[in-house]
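Chemist: One structure, as structure tokens, below. Some questions next.
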Amino acid sequence: MLLLGTVFSLVDPARGALGVQPEIAEMHQRLRAGFARLQADLLLAGSGPQAGAVAPLARLRAPVLPALVGHRHPATAGTTFTADALTVLYVPPGAAAAELASAFSGLPGDVPLAASGDRCPPGVTTCGFEANSLALAFDAAGRSDIVRVLQISAGALRLRSVGEGPAEPFAAGSAIVPLAVRGYSHDRAAAELRYQNGWVTDAPVVDNVVGVSIRYYGRPAHSVDVRAVAATAPCLAAMLATAPDSDAGPVQPEQELTADVLTDGPWCGGRLLFDVDLFRVRRVRVELRLQASDVRHRGRDPGLFHRPGSARHNLAPDLFGVIEVTPRSAAGW
0 MLLLGTVFSL
10 VDPARGALGV
20 QPEIAEMHQR
30 LRAGFARLQA
40 DLLLAGSGPQ
50 AGAVAPLARL
60 RAPVLPALVG
70 HRHPATAGTT
80 FTADALTVLY
90 VPPGAAAAEL
100 ASAFSGLPGD
110 VPLAASGDRC
120 PPGVTTCGFE
130 ANSLALAFDA
140 AGRSDIVRVL
150 QISAGALRLR
160 SVGEGPAEPF
170 AAGSAIVPLA
180 VRGYSHDRAA
190 AELRYQNGWV
200 TDAPVVDNVV
210 GVSIRYYGRP
220 AHSVDVRAVA
230 ATAPCLAAML
240 ATAPDSDAGP
250 VQPEQELTAD
260 VLTDGPWCGG
270 RLLFDVDLFR
280 VRRVRVELRL
290 QASDVRHRGR
300 DPGLFHRPGS
310 ARHNLAPDLF
320 GVIEVTPRSA
330 AGW
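So the sequence shown is residues 0 to 332, counted in numbering that gives the first Met the number 0.
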């Protein structure tokens with residue numbers, strides 16, 4: 000009996016070790032899935048439009064914001080810093096910019112588009128806009144706002160402003176372009192990485208996420224010629240005007256852009272306000288911490304388990320992962 004008991008005590012942990020492997024594999028799969036979503040959107044940050052006589056989105060306004068923006072949030076959300084949330088803005092591939100033929104008050108209403116000229120692809124009267132999608136309106140002064148495309152008719156869009164607070168009016172001649180809004184945040188209570196699309200979608204992406212940390216890095220000086228962008232990107236020109244002269248010395252390495260740097264102004268963007276130092280962002284670092292879905296695989300050590308359990312064997316410690324992404328639009332300037 001003693002021999003049998005000894006053999007059982009040796010074999011049982013081995014069986015348990017095999018039993019915990021699917022849990023560990025599932026944790027790695029969830030981590031890869033979360034990073035795949037984040038990387039895909041961060042790479043596209045600031046991209047487009049591919050047609051239209053306007054500057055790239057990355058030079059019109061900051062395409063990565065350290066907070067959630069859109070329909071569910073106040074217009075001033077872009078002036079805040081949340082360490083476990085971000086929003087990525089980009090123009091969907093193939094989309095073009097259009098010009099408003101009349102003023103848009105911000106209230107729901109039909110706004111005709113100007114003749115396409117060199118802005119829309121030939122033969123396309125609405126520049127690829129789709130009903131029930133988002134767009135970005137902006138003007139020559141650097142003001143911008145997220146709007147909802149409610150309906151499309153021949154050569155016109157029915158628009159309404161998005162977000163809480165007074166709407167931003169735009170005069171005739173302002174530009175509008177289709178917009179993708181990709182927001183990610185950490186729901187600590189539910190232990191989820193969540194996704195928002197700037198409108199009503201708010202859904203979990205990865206579950207059993209117990210830690211999210213987002214950090215931003217950028218150069219302290221820029222080599223872009225202010226005169227080259229002043230006409231089409233006044234927000235960027237304003238920031239570059241106060242930046243150190245890039246020819247004054249050797250190029251300095253990237254530095255972390257902390258909350259105090261990214262929320263102290265100067266400000267730009269009109270209703271969709273942001274700190275111009277966000278133009279300096281060249282690299283985004285995201286760290287995720289995942290826990291085992293099954294509490295039976297969580298031990299008592301708080302150093303290994305953010306939400307400890309009571310298990311003594313067959314443990315699956317929290318899994319950490321990090322990605323660093325440089326948006327394609329940030330390369331070369």
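The beta-carbon is built from N, C-alpha and C at its ideal position, and this holds for glycine as well.
Please name the residue or residues paired with PRO21 in a DSSP beta bridge.
Modeler: Residue mapping note: residue 21 aligns to position 22 of the sequence shown, counting from 1. Note: PRO21 sits in no beta bridge, so no partner.
Chemist: Helix, strand or coil for GLN49, going by three-state DSSP, please let me know.
Modeler: Residue 49 sits at position 50 when you count from the first residue of the sequence shown. Three-state result, GLN49: coil.
Chemist: Buried or exposed: PRO177, going by 16 or more other Cβ atoms within 10 Å of its Cβ?
Modeler: Sequence index remark: in the sequence shown, residue 177 carries index 178 (1-based). PRO177 is buried by the Cβ-count criterion.
Chemist: What's the call for GLU163, buried or exposed, on a 16-neighbour Cβ count within 10 Å?
Modeler: Taking the sequence shown and counting its residues from 1, the one referred to as residue 163 is at position 164. Answer is exposed; the Cβ neighbour count stays below 16.
Chemist: For PHE137 and ALA96, I'd like the C-alpha separation in whole angstroms.
Modeler: Along the sequence shown, one-based indexing puts residue 137 at 138. Along the sequence shown, one-based indexing puts residue 96 at 97. Answer to the nearest angstrom: the Cα atoms are 10 Å apart.
Chemist: Going by beta-carbon coordinates alone, are ALA310 and ARG327 separated by less than 8 Å?
Modeler: One-based indexing of the sequence shown puts residue 310 at position 311. One-based indexing of the sequence shown puts residue 327 at position 328. No, these two residues do not count as a Cβ contact at 8 Å.
Chemist: Ordered along the chain, which non-local residues of its own chain (more than five positions away) have a Cβ less than 8 Å from that of LEU261?
Modeler: Your numbering for residue 261 matches position 262 in the sequence shown. So the qualifying residues of the chain are PRO65, PHE80, TYR215, ASP274, ASP276 and LEU277.
Chemist: Please determine, among GLY69, ARG60 and GLY93, the residue with the shortest C-alpha to C-alpha distance to GLY47.
Modeler: Position 48 of the sequence shown holds residue 47. With distances taken between Cα atoms, GLY47 lies closest to GLY93.
Chemist: Grab me the residues of PRO203's own chain with a C-beta within less than 8 Å of its C-beta, minus the 5 sequence neighbours each way, in chain order.
Modeler: Mapped onto the sequence shown, residue 203 falls at position 204. Result list for PRO203: ASP186, ALA189, GLU191, LEU192, ARG193 and TYR194, in chain order.
Chemist: Do ARG279 and GLY303 come within 8 Å of each other at the CB atom, strictly closer than that value?
Modeler: Counting from one through the sequence shown, the residue named residue 303 turns up at place 304. Counting from one through the sequence shown, the residue named residue 279 turns up at place 280. A small correction: the amino acid at residue 303 is Leu; Gly does not occupy that position in the sequence shown. No, they are not a contact pair.
Chemist: Could you check if GLY77 is buried or exposed, using at least 16 other CB atoms within 10 Å of its CB as the buried criterion?
Modeler: As a first step, residue 77 is located in the sequence shown; it is residue number 78 there, counting from the start. Classification of GLY77: buried, given that the 10 Å Cβ count is 16 or more.
Chemist: Any idea what DSSP makes of GLY320, helix, strand or coil?
Modeler: Reading the sequence shown from its first residue, position 321 is the one you call residue 320. Of the three classes helix, strand and coil, the one that applies to GLY320 here is strand, per DSSP.
Chemist: In the structure shown, what three-state DSSP assignment does HIS185 receive?
Modeler: Taking the sequence shown and counting its residues from 1, one reaches residue 185 at position 186. Three-state result, HIS185: strand.
Chemist: Could you tell me the alpha carbon to alpha carbon distance between ALA158 and HIS305, rounded to whole angstroms?
Modeler: Residue 158 sits at position 159 when you count from the first residue of the sequence shown. Residue 305 sits at position 306 when you count from the first residue of the sequence shown. According to the sequence displayed, residue 158 carries Leu and not Ala. Their Cα atoms are separated by approximately 46 Å.
Chemist: Using the beta-carbon count (16 or more within 10 Å), is ALA130 buried or exposed?
Modeler: Translated into the one-based positions of the sequence shown, residue 130 becomes position 131. So ALA130 ends up on the exposed side.
Chemist: Are the Cβ atoms of ALA139 and PRO111 separated by less than 8 Å?
Modeler: In the sequence shown, residue 139 corresponds to position 140, counting from 1. In the sequence shown, residue 111 corresponds to position 112, counting from 1. Not in contact: ALA139 and PRO111 (Cβ atoms no closer than 8 Å).
Chemist: Which of helix, strand or coil does DSSP assign to GLN290?
Modeler: For this step, residue 290 is matched to residue 291 along the sequence shown. Of the three classes helix, strand and coil, the one that applies to GLN290 here is coil, per DSSP.
Chemist: Helix, strand or coil for PHE137? Go by DSSP, reduced to three states.
Modeler: Residue numbering aside, residue 137 sits at position 138 when the sequence shown is read from its first letter. Residue state, collapsed to three classes: strand.
Chemist: Is the beta carbon of LEU99 closer than 8 Å to that of SER173?
Modeler: Indexing the sequence shown from 1 puts residue 173 at position 174. Indexing the sequence shown from 1 puts residue 99 at position 100. Cβ atoms of SER173 and LEU99: closer than 8 Å.
Chemist: Which of the three DSSP states is assigned to ALA97 in this structure?
Modeler: Looking up residue 97 in the sequence shown gives position 98. Strand.
Chemist: Return helix, strand or coil for ARG31, following the three-state DSSP convention.
Modeler: If you number the sequence shown from 1, residue 31 lands on position 32. ARG31 falls in the helix class under three-state DSSP.
Chemist: Determine the closest residue to ILE23 out of LEU289, GLY308 and PRO233, with distance taken between C-alpha atoms.
Modeler: Walking along the sequence shown from the start, residue 23 turns up at place 24. With distances taken between Cα atoms, ILE23 lies closest to LEU289.
Chemist: Tell me the rounded alpha-carbon separation between ASN207 and PRO233.
Modeler: To locate residue 207, count along the sequence shown from 1; it is residue 208. To locate residue 233, count along the sequence shown from 1; it is residue 234. Approximately 43 Å, taken between the alpha carbons.
Chemist: With a Cβ-Cβ cutoff of 8 Å, do GLY197 and LEU133 count as a contact?
Modeler: Within the sequence shown, residue 197 is the residue found at index 198, counting from 1. Within the sequence shown, residue 133 is the residue found at index 134, counting from 1. Yes, the Cβ-Cβ distance between GLY197 and LEU133 is below 8 Å.
Chemist: Going by beta carbon distance, what residues of the same chain come within less than 6 Å of ALA329, once the five residues before and after it are set aside?
Modeler: Looking up residue 329 in the sequence shown gives position 330. Correct list, in chain order: ARG281.
Chemist: Any idea which residues DSSP pairs ARG284 with across the strands?
Modeler: Here residue 284 is taken as the residue at index 285 of the sequence shown, counted from 1. Its beta-bridge partners are ARG214 and GLU323.
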